[in-house]
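Student: I'd like to ask you about the structure that follows.
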Amino acid sequence: MAEITAALVKELREQTQLPMMKCKKALVESGGDMEAAKKALREEGAKFIDGRGDRTTEEGRIALYTSDTAGAIIELQVESAPVAGNDEVVQLAKDLAEQLATGPGAATPEELWEQPCPSKSGQTLKEVRDEIVNKIREVFRVPRIHRVDGACGGYVHHDGKTGVLLEAEGGDEALAKNIGMQIVAMKPAAATKAEMDPAMVKAEEDIQKERARAEGKPEEIIEKMIVGRMKNFYAEHVLEEQPYIHDDKQTVGAVAKAGGMKIKGFTLWKVGETPTNA
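Encoded structure:
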């Protein structure tokens, strides 16, 4: 067995950022094998996660990866706000999104964890996660992932808790980011009129008809009135019909068209909330 020197323990501690005694114990149990010791420490982190499965994870981050060929959005949940802002956690969230977009894809978060970590050569995302968990001692969860094949842009709010993946052809990164900000701020239900839930549209039309009747409007003009009144409804709920937040004299649809962009859809997520997909 190799001698467990103070230098060896220090080297493992620098690589893992774990307490000296924990590093020494891992080296003793691995017979001085550095890689085996690191593996044992990662496995310990995995056991920690399994043993705290009932812990709530109310904080976290939304991360995106976008390109001209594919895009991805992921939600990484943790237990506390400081951990959600930890540099290694931020990078892990980015790596999850990048691997989902540029790799072979994943049907489940569990499948994604087993794939390579883009920023850590030779390690899987799960191995990197376990190393971080060993240091931070919080449960990490990825409750949802989503990948889009095709050109994408998007925006993540400065606190990392809300993000939107925008599916769009044409335009540029700046326009995609601005429209992403629009979606985060105004929370439309759909990208276009055609994509609105028909039941939601009919319910609003029925409300407007009843209001018109209560106002004593003749039946023969109510249908024409409803067309005008529904414009306000669409301006609130449909992305392309909304006033643009940077210039409310224009609609988002007009701004997108002027910028050579065709909006195809979006995915809006907030940590811990049900997503809105268009």
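Everything in the sequence shown is counted per this note's numbering, starting at 24 for the first residue and increasing by one. Just so you know, even glycine gets a beta-carbon here, dropped at the ideal spot from N, CA and C. Keep in mind the model is a prediction, meaning the values are calculated, not measured.
#1: Leaving out the 5 sequence neighbours to the left and right, which residues in its chain are closer than 6 Å to Met-57 when beta-carbon positions are compared?
#2: Gln-273 lies in the beta strand (DSSP E); which residues open and close that run?
#3: How far does the beta strand (DSSP E) with Phe-163 in it extend, from its first residue to its last?
#4: Please report the straight-line C-alpha distance between Tyr-178 and Ile-27, rounded to a whole angstrom.
#5: Cutting at 6 Å between CB atoms, please list the residues of its own chain near Ala-2, excluding the five before and the five after it.
#6: Cutting at 8 Å between CB atoms, please list the residues of its own chain near Ile-249, excluding the five before and the five after it.
#7: Closest to Glu-296 by C-alpha separation, out of Glu-52, Arg-167, Gln-38, would be which residue?
#8: Since Val-294 and Arg-84 are thought to touch, with beta carbons under 8 Å apart, how far apart are those beta carbons, to the nearest angstrom?
#9: Excluding the 5 residues flanking Tyr-169 on each side, which residues of the same chain have their C-beta closer than 6 Å to its C-beta?
#10: Classify Pro-42: buried if its beta carbon has 16 or more other beta carbons within 10 angstroms, exposed otherwise.
#11: Give, in chain order, every unbroken run of the beta strand (DSSP E) that is at least 3 residues long and sits entirely within the region 230–286.
#12: May I have the straight-line CA-CA distance separating Glu-133 from Ala-277, to the nearest angstrom?
#13: Judging by CA-CA distance, which residue of Glu-52, Glu-82, Val-51, Ala-63 is the nearest neighbour of Thr-39?
#14: Just reading off the beta strand (DSSP E) that Ile-85 is part of, what are its end residues?
#15: Taking Asp-284 and Gly-193 to be in contact with their CB atoms under 8 Å, please state how far apart those CB atoms are, rounded to whole angstroms.
#16: Bridge partners of Gln-100, per DSSP?
#17: In whole angstroms, give me the CA-to-CA distance for Asn-300 and Ala-191.
#18: Which residues in the same chain have their Cβ closer than 6 Å to the Cβ of Pro-241, if we skip the five residues on either side of it in sequence?
#19: Do you know how far the Cα of Gly-183 is from the Cα of Gly-94?
#20: Out of Val-275, Val-113, Leu-123, Glu-81, which one is the CA nearest neighbour of Lys-92?
#21: Whose CA, out of Asp-110, Gln-205, Arg-164, Ala-197, lies closest to the CA of Pro-266?
#22: Taking Gln-100 as the reference, give the member of Gly-108, Glu-218, Thr-80, Asp-110 with the closest Cα.
#23: For Thr-147, name the three-state secondary structure that DSSP assigns.
#24: What's the gap between the Cα of Lys-45 and the Cα of Ser-90?
#25: Contact check, Met-209 vs Ile-268 under 8 Å by CB: the rounded distance?
#26: In whole angstroms, what separates the C-alpha of Ala-30 from that of Pro-139?
Tutor: With the structure as the only source:
#1: none
#2: 270–274
#3: Looking at the DSSP string, Phe-163 is not in any beta strand (DSSP E), and its letter there is neither H nor E.
#4: 49 Å
#5: In the structure as shown, the chain begins at 24 and stops at 301. Residue 2 is therefore absent and cannot be evaluated.
#6: Glu-228, Gln-231, Lys-232, Ala-235
#7: Arg-167
#8: 7 Å
#9: Per the sequence shown, the amino acid found at residue 169 is His instead of Tyr. The answer, listed in chain order, is Ile-96, Thr-290.
#10: exposed
#11: Taking only runs of at least 3 residues, the beta strand (DSSP E) segments lying wholly in the region 230–286 are 270–274.
#12: 41 Å
#13: Ala-63
#14: 82–89 is the span of the beta strand (DSSP E), which, as asked, contains Ile-85.
#15: The question names Asp, but residue 284 in the sequence shown is Met. Confirmed, about 5 Å.
#16: Gly-83, Arg-164
#17: The predicted model places Asn-300 with a pLDDT of 45, which falls under 50 and marks its position as unreliable; any figure quoted below should be read in that light. Cα-Cα distance, rounded: 14 Å.
#18: none
#19: 17 Å
#20: The displayed chain sequence assigns Thr, not Lys, to residue 92. Looking from the CA of Thr-92, the closest CA among Val-275, Val-113, Leu-123, Glu-81 belongs to Leu-123.
#21: Gln-205
#22: Thr-80
#23: Correct three-state label for Thr-147: strand.
#24: 42 Å
#25: 7 Å
#26: If you draw a straight line from the Cα of Ala-30 to the Cα of Pro-139, it comes to about 30 Å.
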